[in-house]
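Colleague: Under numbering that gives the first Met the number 0, the first residue of the sequence shown carries the number 0, and numbering increases by one thereafter.
The beta-carbon is built from N, C-alpha and C at its ideal position, and this holds for glycine as well.
My structure is below; once you've seen it, I'll send some questions.
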Amino acid sequence: MKRLRPPTIHVNDTVYACVAGITIPERAQALTEALPTIQRCEAEYLELGPSGQLYRILPSLGVTPAIDAALMGVIYKSHFARQGSLSRALYDRIRMAPEFGLCPLCGQRIVATIDHYLPQSRFPALNLTPANLIPACSDCNKRKLASVPTRAEDQTLHPYFDDLGNERWLIADIQPSTPPTVSFHIRAAGAWDEVLTARVRKHFSVMGLAELYVAQAASELADMSYGLEILGAAAGPDGIRQHLEIQFQSCQARDSNSWRTALHEGLRDSDWFCGEGYRLIRTHYPENV
Ligand SMILES: [Zn+2]
């Protein structure tokens, strides 16, 4: 997961922008009258979020008697998020915040939408709350679905609130095989408590990150293989290891726990890979057709 700075806008901004764009007077009036309730819900969210307590917020069927979950969904989709709406600039500010447009939930795929951390259908009063709006790729958005955790340890990670630190915690295991096999596991950092450890594992499971990273690592190895063979022929295992060390340091300088950082560390630390494994990557390429 990639940490994100929380949006600098608040629910007053998103609600007023929606109200200004709603042409049905009764609907604009109802949303204006719901603002105090929506503000209270945002305050509760901002109080509980930093300590990982969002699971304590109770679901509801509506915001006020005049605005049920379905209508709040319409307000979100047809007014807040609609292309060309007055509030679309705020939507885009949230959606485009991640560096290089990469999804903070997987760190890999491109942001395509905004995910409600607490889902719209169960928490309509948080539909327009910026801190509840997370830029996400389509896959992560679909995988998360509308599930509602009832225990702290069942919550996926929240990019605005959860800090995993810079200690190495994503580990790549290299198995001697032809071609080399890479798998990933999580090693709890010293600063994590049991709940955070469980949440990181939950996040990886829900988002399917182990499988995603295995596929990416296999492709990366294939890209590296030709260069490693040339380097190995000239400089031997020590040259391979030094090269992998530089790659590891380079990846780590940007992200301590990307799959690339973990992969290069795992390869560097594998005597088998540095000695002979690097020559066994290309032998199993499918024939070009
Ligand atoms: Zn994603």
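For Leu45 and Arg240, what's the separation of their Cα atoms in angstroms?
Modeller: Counted from its first residue, the sequence shown places residue 45 at position 46. Counted from its first residue, the sequence shown places residue 240 at position 241. Spanning the two alpha carbons is a distance of roughly 46 Å.
Colleague: State the DSSP-derived secondary structure class of Leu47, mapped to helix, strand or coil.
Modeller: Here the question's residue 47 lines up with position 48 in the sequence shown. In the structure shown, Leu47 sits in a helix (DSSP, three-state: H, G or I).
Colleague: For the alpha helix (DSSP H) containing Phe183, list its first residue and its last residue.
Modeller: Locating residue 183 in the sequence shown gives position 184, where the first residue counts as 1. No alpha helix (DSSP H) holds Phe183; the beta strand (DSSP E) holding it covers Thr180 to Ile185.
Colleague: Report yes if the CB atom of Ala261 is closer than 8 Å to the CB atom of Leu163, and no otherwise.
Modeller: Along the sequence shown, read from residue 1 onward, the residue named residue 261 stands at position 262. Along the sequence shown, read from residue 1 onward, the residue named residue 163 stands at position 164. Result no, Cβ atoms of Ala261 and Leu163 do not sit closer than 8 Å.
Colleague: Under 6 Å Cβ to Cβ from Thr31, same chain only, skipping five residues before and after it: list those, please.
Modeller: Along the sequence shown, one-based indexing puts residue 31 at 32. So the list reads Val18, once near-sequence residues are dropped.
Colleague: Taking C-alpha atoms, which residue in Asp254, Leu279 and Thr7 lies nearest to Gly226?
Modeller: To locate residue 226, count along the sequence shown from 1; it is residue 227. Here the closest residue by C-alpha is Leu279.
Colleague: If we require 3 or more residues per run, which beta strand (DSSP E) segments fall completely within the stretch 139-215?
Modeller: Qualifying beta strand (DSSP E) stretches, in chain order: 169-174 and 180-185.
Colleague: Gly51: which of Ala187, Pro148, Cys102 and Ala29 sits nearest, CA to CA?
Modeller: Translated into the one-based positions of the sequence shown, residue 51 becomes position 52. Measuring from the Cα of Gly51, the nearest candidate turns out to be Pro148.
Colleague: How many Å lie between Glu275 and His202 at the Cα?
Modeller: For this step, residue 275 is matched to residue 276 along the sequence shown. For this step, residue 202 is matched to residue 203 along the sequence shown. Roughly 35 Å between the two C-alpha positions.
Colleague: DSSP on Pro134, reduced to helix/strand/coil?
Modeller: Residue 134 sits at position 135 when you count from the first residue of the sequence shown. Strand.
Colleague: Which one of Arg39, Ser146 and Ala151 has the shortest CA to CA distance from Thr196?
Modeller: Here residue 196 corresponds to residue number 197 of the sequence shown, with the count starting at 1. Answer by Cα proximity: Ala151.
Colleague: So, Thr63 versus Thr36, is the Cβ gap smaller than 8 Å?
Modeller: Here residue 63 is taken as the residue at index 64 of the sequence shown, counted from 1. Here residue 36 is taken as the residue at index 37 of the sequence shown, counted from 1. Closer than 8 Å, so yes.
Colleague: I'd like the span of the beta strand (DSSP E) that includes His263, first residue to last.
Modeller: As a working mapping, residue 263 is identified with position 264 in the sequence shown. Where His263 is concerned, there is no enclosing beta strand (DSSP E), although the alpha helix (DSSP H) it sits in stretches over Trp258 to Arg267.
Colleague: Residues bridged to Ile245 by DSSP?
Modeller: The sequence position of residue 245 within the sequence shown is 246, counting from 1. Looking at the DSSP assignment, Ile245 forms no beta bridge with any residue, so it has no partner.
Colleague: Which runs of the alpha helix (DSSP H) spanning at least 4 residues fall entirely within the stretch 60-107, listed in chain order?
Modeller: Listed in chain order, they are 68-73 and 87-94.
Colleague: Taking DSSP as the reference, what is the three-state secondary structure of Thr112?
Modeller: On the sequence shown, residue 112 is found 113 positions in, with the first residue counted as 1. Correct three-state label for Thr112: strand.
Colleague: Cα separation between Thr155 and Arg121?
Modeller: For this step, residue 155 is matched to residue 156 along the sequence shown. For this step, residue 121 is matched to residue 122 along the sequence shown. Distance between the alpha carbons of Thr155 and Arg121: 17 Å.
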